[in-house]
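Everything on this sheet refers to the single structure shown next.
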Amino acid sequence: MDALVIEGGRALRGSVRIGAAKNAVLPLMAAALLADGESHLRSVPNLADVRTLSRLLEHLDLRVRPDNGGLLLAADAVGGREAPYELVKTMRASVLVLGPLVARFGSARVSLPGGCAIGARPINLHLKGLEAMGAEVVLEHGYVDVRAPRLRGTRIVLDIPTVTGTENLMMAASLADGTTVIENAAREPEVQDLAACLVAMGARIRGAGSAVLEIDGVESLAPYDYTPIPDRIEAGTLMAAAALCDGDVTLHGARLDHLDAFVVKLREAGAEVVDLGEQRVRVTSGERRTGVDVRTSPHPGFPTDMQAQFMALMAKGTGNSVITEKVFENRFMHVSELNRMGADITVEGSSAVVRGVPQLSGARVMATDLRASAALVLAGLAAEGTTVISRVYHLDRGYEALEVKLAALGARVERIRE
Ligand code: EPU
7 MDALVIEGGR
17 ALRGSVRIGA
27 AKNAVLPLMA
37 AALLADGESH
47 LRSVPNLADV
57 RTLSRLLEHL
67 DLRVRPDNGG
77 LLLAADAVGG
87 REAPYELVKT
97 MRASVLVLGP
107 LVARFGSARV
117 SLPGGCAIGA
127 RPINLHLKGL
137 EAMGAEVVLE
147 HGYVDVRAPR
157 LRGTRIVLDI
167 PTVTGTENLM
177 MAASLADGTT
187 VIENAAREPE
197 VQDLAACLVA
207 MGARIRGAGS
217 AVLEIDGVES
227 LAPYDYTPIP
237 DRIEAGTLMA
247 AAALCDGDVT
257 LHGARLDHLD
267 AFVVKLREAG
277 AEVVDLGEQR
287 VRVTSGERRT
297 GVDVRTSPHP
307 GFPTDMQAQF
317 MALMAKGTGN
327 SVITEKVFEN
337 RFMHVSELNR
347 MGADITVEGS
357 SAVVRGVPQL
367 SGARVMATDL
377 RASAALVLAG
387 LAAEGTTVIS
397 RVYHLDRGYE
407 ALEVKLAALG
417 ARVERIRE
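What follows is the structure, encoded as structure tokens:
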């Protein structure tokens with residue numbers, strides 16, 4: 007297994023390019039299942055999650071080929087209908103094949119994901135939505151079997167604005183009979199990006215980016231040629247790194263309009279964030295006078311995927327902050343590791359009280375999930391001495407060569423094989 011070794015205390019200076027958004031790329035790859043022919047996804051980051059979904063799509067007989075930094079996905083001979091346990095266990099987003107398979111081929115068999123490091127994460131809302139559209143759903147031997155010769159448009163009110171649930175139902179509704187209305191839909195930029203791609207494929211979707219989606223089903227969709235949005239979480243992570251590490255960093259290919267709630271908090275924490283136009287953003291660390299409270303919520307609120315990194319930022323410096331996690335029930339696995347690095351954080355239910363300390367100290371720590379690993383990298387960059395982060399395969403699920411990008415900004419970080 008790989009580990010990262012970080013010598014902390016170096017200032018971050020220079021420019022860095024942001025890759026395409028993992029959480030946009032994954033549903034876009036699944037959307038290739040909806041059309042007969044070859045889709046072209048331009049600009050696909052080299053991530054473990056992308057490789058896992060490629061394996062799953064190949065398992066369904068979709069042909070996946072690399073093409074000049076992107077992927078060609080040919081879905082003209084799709085025969086498979088099953089997302090097996092081994093792949094869903096590795097990556098929950100595998101469930102994104104469910105909607106497209108049922109809508110286009112009338113059936114799917116998907117392993118139930120079970121819990122994961124950040125919470126229980128059921129898929130009941132995906133299934134309830136498909137049932138409302140006329141599908142028959144049977145749970146058996148840890149798998150869910152979903153059948154529907156043809157889905158019917160209907161009105162679906164989601165209990166929670168689930169991101170992949172909205173994406174699954176939006177893809178399914180695009181090939182259903184009649185009109186589907188999804189209320190309390192997720193509004194994340196990645197959901198909007200999928201909607202834009204589906205529209206380019208011939209889907210009829212109104213309201214993307216709002217809480218009510220209206221989708222008129224069509225007979226068939228055409229393959230796409232599409233460039234995904236930049237990764238707002240990679241951008242946010244590097245912005246937090248700059249703020250924490252005496253930084254002056256310019257991000258290229260970053261969309262500030264996707265990061266509004268985070269940027270408000272980063273500025274409150276003293277950082278200067280300047281929109282240079284043309285998707286360039288300059289972040290300089292200013293003087294931190296107080297702690298900043300955050301509360302995660304669905305978009306456009308503060309993203310849960312930035313909570314751990316923001317906690318690392320709050321861990322060092324003046325003032326106390328209360329960080330409340332409202333999207334997932336168990337997303338504080340980074341707390342005990344940050345405390346091993348000298349942070350002073352206590353968890354009370356869904357809130358963490360972070361008392362800023364003047365200095366963090368390098369230590370051996372263990373990554374537990376994707377964003378928790380990113381928080382440990384940030385803490386390591388800011389700490390005195392050496393930090394060794396093991397199990398960085400969690401980080402590799404969602405960040406492409408993060409250590410290379412950080413090293414180019416002046417960080418002392420290298421990957422070793424343990
Ligand atoms: N939920 C249910 N029932 C469902 C679906 C969701 O109770 O049927 C609950 C979940 O347990 C959770 C809440 O609803 O408490 C929100 O979950 P959501 O379904 O929105 O999350 P997701 O679609 O599984 C995506 C991202 C996550 C991101 C969340 C929230 C992808 C592939 N994954 O997950 O990304 O944290 O939305 O924004 O888009 C990450 O990149 O590190 C990551 C975990």
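Numbered by our numbering, the letters in the sequence shown go through residues 7 to 424 in order. Even glycine gets a Cβ: it sits at the ideal position worked out from N, Cα and C.
Is residue i near ligand 1, in the sense that its beta carbon is under 7 Å from a heavy atom of that ligand?
{"i": "G171", "result": "yes"}
{"i": "A99", "result": "yes"}
{"i": "G105", "result": "no"}
{"i": "A192", "result": "yes"}
{"i": "D311", "result": "yes"}
{"i": "F316", "result": "no"}
{"i": "P128", "result": "yes"}
{"i": "E196", "result": "yes"}
{"i": "N336", "result": "no"}
{"i": "R346", "result": "no"}
{"i": "G242", "result": "no"}
{"i": "V333", "result": "yes"}
{"i": "I162", "result": "no"}
{"i": "L131", "result": "yes"}
{"i": "N52", "result": "no"}
{"i": "L408", "result": "no"}
{"i": "N29", "result": "yes"}
{"i": "L32", "result": "yes"}
{"i": "L376", "result": "yes"}
{"i": "T168", "result": "yes"}
{"i": "G125", "result": "yes"}
{"i": "G120", "result": "no"}
{"i": "G429", "result": "This structure leaves residue 429 out entirely; the chain is present only between 7 and 424."}
{"i": "G307", "result": "no"}
{"i": "G25", "result": "no"}
{"i": "G355", "result": "no"}
{"i": "G404", "result": "yes"}
With DSSP collapsed to three states, give me the class of residue i.
{"i": "E424", "result": "coil"}
{"i": "P106", "result": "helix"}
{"i": "V11", "result": "strand"}
{"i": "L78", "result": "strand"}
{"i": "P33", "result": "helix"}
{"i": "I162", "result": "strand"}
{"i": "H46", "result": "strand"}
{"i": "T445", "result": "Not covered by the structure: residue 445. The range shown for the chain is 7 to 424."}
{"i": "S303", "result": "coil"}
{"i": "A26", "result": "strand"}
{"i": "V410", "result": "helix"}
{"i": "E390", "result": "strand"}
{"i": "S291", "result": "coil"}
{"i": "L145", "result": "strand"}
{"i": "A417", "result": "coil"}
Could you check how far apart the C-beta atoms of residue i and residue j are, in whole angstroms? I think they sit under 8 Å.
{"i": "A241", "j": "I395", "result": "With a Cβ gap of about 21 Å, A241 and I395 do not count as contacting."}
{"i": "A54", "j": "D402", "result": "5 Å"}
{"i": "R421", "j": "E409", "result": "6 Å"}
{"i": "A3", "j": "L384", "result": "One cannot answer for residue 3 here, as it falls past the ends of the chain, which runs 7 to 424."}
{"i": "R425", "j": "L39", "result": "The question about residue 425 has no answer here: the residues shown for the chain are numbered 7 through 424."}
{"i": "L136", "j": "V152", "result": "6 Å"}
{"i": "M347", "j": "A378", "result": "No, M347 and A378 are not in contact; Cβ-Cβ is about 13 Å, not under 8 Å."}
{"i": "L262", "j": "D281", "result": "5 Å"}
{"i": "I12", "j": "T393", "result": "5 Å"}
{"i": "R193", "j": "P167", "result": "7 Å"}
Unbroken alpha helix (DSSP H) runs of length 4 or more, entirely within the region 312 to 367: which are they?
-> 313 to 321 and 340 to 346
Identify every run of the alpha helix (DSSP H) within the region 214 to 289, keeping only runs that are complete inside it and at least 4 residues long; order them along the chain.
-> 238 to 250 and 266 to 274
Could you name each continuous beta strand (DSSP E) segment of 3 residues or more that falls completely within the region 50 to 101, going from the start of the chain to the end?
-> 69 to 73 and 76 to 80
Taking only runs that begin and end inside the region 167 to 211, name each unbroken beta strand (DSSP E) of 3 or more residues, in chain order.
-> 185 to 189
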